[in-house]
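Asks: This is the structure I have questions about; it appears just below.
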Amino acid sequence: MSEEKAVVWVGSSKRDLLKFPNEVVDEVGYALDTVQRGGKPKNAKPLLGFGGANVLEVVEDFDTDTYRAVYTVRFAEKVYVLHCFQKKSTHGSKTPQHDTQLIKQRLKAAEEIHKEWIKTQEGAHRRRIDPAPEKRKE
Numbered sequence: 171m172s173e174e175k176a177v178v179w180v181g182s183s184k185r186d187l188l189k190f191p192n193e194v195v196d197e198v199g200y201a202l203d204t205v206q207r208g209g210k211p212k213n214a215k216p217l218l219g220f221g222g223a224n225v226l227e228v229v230e231d232f233d234t235d236t237y238r239a240v241y242t243v244r245f246a247e248k249v250y251v252l253h254c255f256q257k258k259s260t261h262g263s264k265t266p267q268h269d270t271q272l273i274k275q276r277l278k279a280a281e282e283i284h285k286e287w288i289k290t291q292e293g294a295h296r297r298r299i300d301p302a303p304e305k306r307k308e
């Protein structure tokens, strides 16, 4: 079994999720737990317009409303939650433009956060493998 991935909440995504009805929060939490353990939730699908299956959305219907939580699995070590929102579009199932733009911005932010995290991991790894030589006493 693989190691559980950490969840990183980008921007206001966690605050936004916690504004959803409790039932929706529970379902999204269960879906993210599945992702953390290396699985794919039944209620997740690739988000169109993001070039493949790196960016996915969990879709939950509750009391005639639709809620979405968008996350990326682009990085092997972590799950980045990019955006949580209630779908209010009157254009079928298409994601509203302002939400798409926010997801793109947060995906870029996640890339930067992950790059910085990798640097800290590499630095820590170097310190463990290649400690500074001890000073000689003369």
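Okay, so the sequence shown: first residue is 171 according to this note's numbering, each after it adds one.
All residues carry an ideal CB built from backbone N, CA and C; glycine is no exception.
Just so it is clear, the structure is predicted and the values come from calculations on it, not from any experiment.
For valine 309 and tyrosine 250, which I take to be in contact (beta-carbon distance under 8 Å), what is that distance rounded to the nearest angstrom?
Replies: Not covered by the structure: residue 309. The range shown for the chain is 171 to 308.
Asks: Check each candidate in Thr242, Thr236, Arg207 and name the one with the smallest Cα separation from glycine 222.
Replies: Thr242
Asks: Less than 8 Å between C-beta atoms, sequence neighbours within five positions excluded: which residues of the same chain meet that for glycine 219?
Replies: If we look at glycine 219 and ignore the five residues flanking it on each side, its Cβ neighbours are Thr265, Thr270.
Asks: For serine 183, does the count of other Cβ atoms within 10 angstroms reach 16, so buried, or fall short, so exposed?
Replies: buried
Asks: On the DSSP letters alone, give me the boundaries of the beta strand (DSSP E) that aspartate 235 sits inside.
Replies: 235-242
Asks: Between the C-alpha atoms of lysine 175 and threonine 204, what's the straight-line distance to the nearest angstrom?
Replies: 10 Å
Asks: Kindly list the residues whose CB is nearer than 7 Å to the CB of phenylalanine 255, restricted to its own chain and excluding five residues on each side of it in sequence; keep chain order.
Replies: Asp186, Arg238, Asp269
Asks: When DSSP labels each residue in this structure, what does tyrosine 189 get in the three-state scheme?
Replies: A quick correction: the sequence has lysine, not tyrosine, at residue 189. Reduced to three states, the DSSP call for lysine 189 is coil.
Asks: Nearest CA to the CA of valine 240: which residue from Ala280, Trp287, His284?
Replies: Ala280
Asks: Excluding the five sequence neighbours on either side, which residues of its own chain have a C-beta within less than 6 Å of the C-beta of valine 225, listed in chain order?
Replies: Leu217, Thr242
Asks: With DSSP as the reference, label lysine 289 as helix, strand or coil.
Replies: helix
Asks: Considering only the beta carbon of each residue, do glutamate 230 and glutamate 197 sit closer than 9 Å?
Replies: yes
Asks: Opposite aspartate 231 in the DSSP bridges: which residues?
Replies: Thr236
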